[in-house]
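Residue 0 is where the sequence shown starts when you use numbering that gives the first Met the number 0, and the numbers rise one by one after that. We put the CB at the ideal spot given by N, CA and C, even for glycine. Working notes, structure below.
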Amino acid sequence: MREKVYNKFVELFSGEATMFAAPGRINLIGEHTDYNGGFVFPGAIDKEMVAAIRLNGTDKVRVYALDMNQESIFGLEEEDKPAETWAHYIFGVCREIIKRGGKIGGFDATFAGNVPLGAGMSSSAALESLFATALNDLFNLGIDKFELARIGQATEHNYCGVKCGIMDQFASIFGKEGCLMRLDCRSMEFEYFPFSPKGYKLLLLDSKVKHALVGSPYNDRRESCERVAAKLGREFLRGASMQSLEDIKGEISEEDYKRAYYVIGEEARVLSVCDALQKGDYEQVGRDMYATHWGLSKDYEVSCEELDFLVNVAQEAGVTGSRLMGGGFGGCTINLVKEELYDHFIGTALSRFKDQFGHEPKVYDVVISPGARRL
């Protein structure tokens, strides 16, 4: 893929370019907690977005997306927002850098990715992190990594219509080979946790149900949580107790109650998983993953029939842990599988899913990999 991206650059723009890469991510546990000021537990993976970039000395950006076979040309002023939806991510990164006082100019670029789109592995965050890292490097801007992640998040908010938390961009920028990261989304403190579970594999099963978080109920979930937090006199749900939620149950809607119930429980599960990993207790990790899934399905209501089916198959097949991953409404399940069950589980999941839904899910092995960087 990297070679293809570079060759396309030479074909379109001739001469040399600098190569950059930024990964997608998994999240072991801590879903929908980031915008609630809670903890998340992501890691960067070996699926990435790659770009070849060269400054062009003008005030125009020319970008070619190999996966779309499309070019977008745009200026750097607010009114220059391009027509192509995929180009909003790149335009937004440029604008967010400029708003922060970064002096940038035009550039030429080609890019492609093998982060599956709509599968909950954050292809959009990888794209934002890719261009934020590249422009920071090429224009010598000196922006720190946290601000690069915030630039990606602000791009989603201001140019793509998704009020996401910081987790996806953080994981793509800060990823470290062989480590997951526990991020406190309120204080922005984080810690690396070595993750190479002996005797287990991490596996994603892509339902191929495409989710689009733009204009989806994702933003509604966030508003539910904000209403409950305000009722509790807090900025975030983070740190709220189940008892405090019970105390106001009669003053909030049933829907808002269920959303908050899930989030408060999920905060406890992230910390439980951290403790379990330090003890090497993968059975506890698995129990927490299942609890997260059914909370996401029944209380947060962001699952779908296909994802629930895959998690049920995992439970029946003796898989240690399984849950939907990402914003929901489709995408992947993440599965912690004992090596001796691995082949049996894949075979069972593929055949049973196909019998039920008429197509097989896609299988992705996961390797925890480094974050956004110059190649």
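Check                                                                                             : Outcome
Between the CA atoms of GLU127 and GLN152 - distance to the nearest angstrom                      : 8 Å
Within the stretch 97-132, ranges of the beta strand (DSSP E) (whole runs, at least 3 residues)   : 106-112
Residues near TYR5 by beta carbon distance below 7 Å, same chain, minus five either side          : ALA16, MET18 and ALA51
Terminal residues of the alpha helix (DSSP H) in which ASN311 lies                                : 304-315
Segment contact flag, the stretch 82-101 with the stretch 145-162, C-beta cutoff 8 Å, min 3 pairs : yes
For SER271, three-class secondary structure by DSSP                                               : helix
PHE235 vs ASN26 beta-carbon contact at 8 Å                                                        : no
Residues near SER296 by beta carbon distance below 6 Å, same chain, minus five either side        : SER302 and ASP307
Supposed contact pair ILE367 and ILE44 - C-beta distance, whole angstroms, cut 8 Å                : 7 Å
Opening and closing residue of the alpha helix (DSSP H) in which MET166 lies                      : 166-173
Counterpart residues of ASP205 in DSSP-defined beta bridges                                       : CYS331 and LYS361
Beta-carbon proximity list for GLU305, same chain, < 7 Å, skipping 5 on both sides                : SER206, VAL208 and PHE356
Span of the alpha helix (DSSP H) around MET241                                                    : 241-246
Between the CA atoms of LEU244 and LEU204 - distance to the nearest angstrom                      : 35 Å
Whether ILE251 touches LYS230 by CB criterion (8 Å)                                               : yes
Residue of MET48, MET67 and ALA124 minimising C-alpha distance to GLY325                          : ALA124
VAL310 vs LEU202 beta-carbon contact at 8 Å                                                       : no
In DSSP terms, what ASN26 is bridged to                                                           : PRO41
Closest residue to PHE38 among GLY141, PRO216, ARG237 and LEU54 (Cα-Cα distance)                  : ARG237
Sheet register partners of PRO193 (DSSP bridge)                                                   : CYS178
Coarse secondary structure for VAL336, derived from DSSP in three states                          : strand
TYR299 in three-state terms, based on DSSP                                                        : coil
Nearest residue (CA-CA) to TYR158, options GLU83, GLY56, ALA267 and THR319                        : GLU83
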